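**Student:** The structure's right below; bear with me while I get my questions together.
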Amino acid sequence: MKTKKRFNKKRTLVFVTTYLLFSLFGAFFQRHALACEVLPVMGYQQINSKVFLAQDISPERTNELSQLVDSAIQRITDVYGAPISKPWILITSDARTSTTWGANETASTHRMPWCTCIIVGPHGQNVDVIAHELLHAEIQHRVGLWRLLKEIPVWFDEGAALTVDYRKPFLPETIKFSHEKIIKVERLDRYKDFFSGNIRENYQASRMAVIPLIREDSFYKDLERIASGETFQTVFLNNDTSKLPKYNVMPEMNTQ
Ligand SMILES: [Zn+2]
């Protein structure tokens, strides 16, 4: 009896400690992602069990937005195969709601160890942006958050997401950077480095930098190799790139 009592006490203590640690870690790490867990009880309209429309979106737009999400999933399917991650998605047309949910006016992806949460803002309601964010979610799902943070440089994560984002400034044929400028982005492997300075150019350089590294037919398998313990260096930098397009080597443009 005494042993059982002690066991129960110990179990409660472990549970409370784990819960507190998770809460503290979560709050510190991604409070907005944590908030996504309460989306189902917010009373928002739903497209399905994971996709929510904020109160500012009129019910008449449900079909249109549902089709946008479907088209974005289809785009990823066409390039890499069907995605399997199921991120939370909240779509809003209100800049303030975007900010409340920790996003900019286009879109942001919040990360938690067990899920991702995509906030689509007023300027992000298109296939390009939604496919971009969904690919971030898919990469995390395939690699796992801890391996992603340890192995995947931010420039690679962004460059990969841009491979399904066909906005004109990010199309390889419109990016006229020198080889040196493209290579430089590969030093920006931390968030604070990538998202400072000329951020748009960092995105563009990252789009070019991933061209010789990502093979469409084995991209998911390559990500899963990282999940299994192989390094980014081994998996992506040792790919046979001989048959892939070379970087777009052009004179450096003067950008002011
Ligand atoms: Zn991105």
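In short: position in the sequence shown from 1, add 102, done, that's this note's numbering. Here a beta-carbon is modelled for each residue, glycine too, at the ideal position from N, C-alpha and C. Since the structure is predicted, the reported quantities are computational estimates derived from the model, not experimental observations.
Just to confirm the assignment, what range does the alpha helix (DSSP H) spanning LEU170 have?
**Tutor:** Element bounds for LEU170: 164-182.
**Student:** Any idea what DSSP makes of SER210, helix, strand or coil?
**Tutor:** Of the three classes helix, strand and coil, the one that applies to SER210 here is strand, per DSSP.
**Student:** At the level of alpha carbons, what is the spacing between ARG163 and LEU192?
**Tutor:** Going from the Cα of ARG163 to the Cα of LEU192 covers about 14 Å.
**Student:** Pairing CB atoms from the stretch 164-178 with CB atoms from the stretch 228-239, are three or more of them under 8 Å?
**Tutor:** They touch, by the three-pair rule.
**Student:** CB ASP267 to CB HIS238, shorter than 8 Å?
**Tutor:** Against a cut-off of 8 Å, the Cβ pair of HIS238 and ASP267 comes out as no contact.
**Student:** What does the Cβ neighbour count give for GLN227, buried or exposed, with the cut at 16 atoms within 10 Å?
**Tutor:** The residue is buried, with at least 16 neighbouring Cβ atoms inside 10 Å.
**Student:** How many angstroms separate the CA atom of VAL222 from the CA atom of GLU207?
**Tutor:** Taking the straight line joining both Cα atoms gives about 8 Å.
**Student:** Thinking C-alpha only, which one of GLU240, ALA205, LEU264, ARG302 is nearest SER187?
**Tutor:** Per the Cα distances, GLU240.
**Student:** Only counting runs of 4 or more residues, tell me where the alpha helix (DSSP H) segments fall wholly within the stretch 226-298, in order along the chain.
**Tutor:** Within the stretch 226-298, the complete alpha helix (DSSP H) runs of at least 4 residues are 229-245, 247-253, 256-264, 281-287, 293-296.
**Student:** Taking DSSP as the reference, what is the three-state secondary structure of GLN157?
**Tutor:** Looking at GLN157 - three-state DSSP - the assignment turns out to be coil, as it is neither helix nor strand.
**Student:** Under 8 Å: do the stretch 273-285 and the stretch 294-313 share three or more Cβ pairs, one atom per stretch?
**Tutor:** The stretch 273-285 vs the stretch 294-313: in contact.
**Student:** Below 8 Å on the Cβ atoms is my contact criterion, and I expect ARG244 with ALA156 to pass it. Report the Cβ-Cβ distance as a whole number of Å.
**Tutor:** Wrong, their Cβ atoms sit about 29 Å apart, outside the cutoff.
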